[in-house]
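In what follows, a structure is listed as structure tokens, so that the remarks can point back to it.
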Amino acid sequence: MGIVVRTGPDSRRGRAGAAVLAAALLCAGAAACGSPESGGGKRAHRAAKEPRMAPAAAVRAAAKKTEKLTSLRYRMTGRTLDEGRVEGEGAMAFNPPVARMKMRTLGEGETGTVEYRLTGGVMYLGGGAVAAGIGSGGSDLPELGGKRWLALDASEMEKRGSGSRGAGSLTGRAKTNPADESAFLSDADNLRRVGAETIDGVRTTHYRGTVTLDQMRASLEDEKSTTRERRDKTLKTYEEAGIDRLNMDMWIDPDSHTKRFRMRGDADKGRLDVTMTFLDINKPVTVQAPPASATLNLSDLARSTRS
Numbered sequence: 019m020g021i022v023v024r025t026g027p028d029s030r031r032g033r034a035g036a037a038v039l040a041a042a043l044l045c046a047g048a049a050a051c052g053s054p055e056s057g058g059g060k061r062a063h064r065a066a067k068e069p070r071m072a073p074a075a076a077v078r079a080a081a082k083k084t085e086k087l088t089s090l091r092y093r094m095t096g097r098t099l100d101e102g103r104v105e106g107e108g109a110m111a112f113n114p115p116v117a118r119m120k121m122r123t124l125g126e127g128e129t130g131t132v133e134y135r136l137t138g139g140v141m142y143l144g145g146g147a148v149a150a151g152i153g154s155g156g157s158d159l160p161e162l163g164g165k166r167w168l169a170l171d172a173s174e175m176e177k178r179g180s181g182s183r184g185a186g187s188l189t190g191r192a193k194t195n196p197a198d199e200s201a202f203l204s205d206a207d208n209l210r211r212v213g214a215e216t217i218d219g220v221r222t223t224h225y226r227g228t229v230t231l232d233q234m235r236a237s238l239e240d241e242k243s244t245t246r247e248r249r250d251k252t253l254k255t256y257e258e259a260g261i262d263r264l265n266m267d268m269w270i271d272p273d274s275h276t277k278r279f280r281m282r283g284d285a286d287k288g289r290l291d292v293t294m295t296f297l298d299i300n301k302p303v304t305v306q307a308p309p310a311s312a313t314l315n316l317s318d319l320a321r322s323t324r325s
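Numbering (our numbering) for the sequence shown: 19 to 325.
Structure representation (structure tokens):
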């Protein structure tokens, strides 16, 4: 069972809801992770006199560190495939999986918001997307009765899935370390060092390259089965969107953590261009479930309609 936003030609709020839902999927999974640890202000004053690593080695070192993160907090800006500009902030931890995110569209006269929270094995979806009207399996839900949140069983929705923009994809990505795309950059034939740049007071080295989906898939051969399966799902999402290559930019701090990651690609229905800036790593992430009185449990509703 999937979640579908009603986006009829006369529903501006519906279109805005679709935009932020697409952005939610993107933000939760389509970027690298990493950020300065405590003491980042001191690192900002380090002179760039340390021995330079080869670009591929530097990217691999950063990707390896991000795989070991326990949590992260990030800021996201950019453009989804065909929904216009978006911005937002989020945080996630991986064991146990919890996540929260707020997104806002910046379209031409059409704005919308969405918020999701993942905690206790339940995905909560709220904001303008719910207010605009959300349907299940292609049909509209009944009136929400003043409810402001939808609750979905995360494991159930992940098993059912429903395509790259469905709830199954959202719950899966919300629990996934978004370092996977950054690891692909080390396989770029044209990977190069652009130069030194300062981001939020942190001294970084900027790397850039272009990676084809064929190169990404070939890089999975030597990975562990769990990593290979997870990253292969990401590649299938890009294939479905009509993306055959991605331009990537990665900014790495002196401790080999990714500070910023940008990903661009041309798809069948538009252009993907998303930048993630990482604000904190390995710090506690607290996610509180919305009040039960303001929540509609979509799984219970689906079971009642089948009985």
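Yeah, the Cβ is synthetic: ideal placement off N, Cα and C, and Gly gets one too.
Just so we're clear, the structure is a prediction, and the values are computed from it rather than from any experiment.
- Under the 8 Å Cβ criterion, the segment 214-225 counts as touching the segment 255-272, having at least three qualifying pairs.
- Residue state for R166 is assigned as coil, using DSSP reduced to three classes.
- When secondary structure is reduced to three states using DSSP, R235 falls in the helix class.
- Sorting S200, A169, S89 by C-alpha distance to the C-alpha of A81 places S200 at the top.
- In this structure the segment 132-140 touches the segment 303-317; the number of beta carbon pairs closer than 8 Å is three or more.
- Cα atoms of R210 and L238: separation of roughly 22 Å, rounded to the nearest angstrom.
- Closest option to L314, judged by alpha-carbon separation, among A79, A76, G106, D171: D171.
- Only exposed fits V212, as fewer than 16 other CB atoms lie within 10 angstroms of its CB.
- Per DSSP, reduced to three states, the secondary structure at K242 is coil, with no helix or strand assignment.
- In this structure, M294 keeps its C-beta atom at 7 Å or more from the C-beta atom of M119.
- For L316, the closest alpha carbon among the candidates Y142, K287, R248 is that of Y142.
- Going by C-alpha positions, R282 is about 17 Å away from D207.
- The C-beta separation of A111 from T88 comes to about 6 Å, placing the pair in contact by the 8 Å criterion.
- Pairing V220 with K277 gives a Cβ-Cβ distance under 7 Å.
- Under the three-state reduction of DSSP output, K86 falls in the coil class, being neither helix nor strand.
- Cβ-Cβ distances below 6 Å link L203 to V77, G227, M266, M268 in the same chain, with the five nearest sequence neighbours on each side left out; the list follows chain order.
- If you look at I217, you'll find it in the beta strand (DSSP E) that goes 210-217.
- Cβ-Cβ distances below 8 Å link A236 to D205 in the same chain, with the five nearest sequence neighbours on each side left out; the list follows chain order.
- Put simply, the backbone Cα of E133 is about 19 Å away from that of F296.
- With respect to R103, R97 sits close: the two C-beta atoms are nearer than 7 Å.
- Between L290 and L99 a beta carbon distance of about 5 Å is seen, short of the 8 Å cut, so the two are scored as contacting.
- Residue pairing by DSSP places H224 opposite G213, W269 in a beta bridge.
- Check the Cα spacing between E105 and each of R249, R122, A72: the tightest is with R122.
- Membership of A285 in the beta strand (DSSP E) is indicated by the continuous run 276-285.
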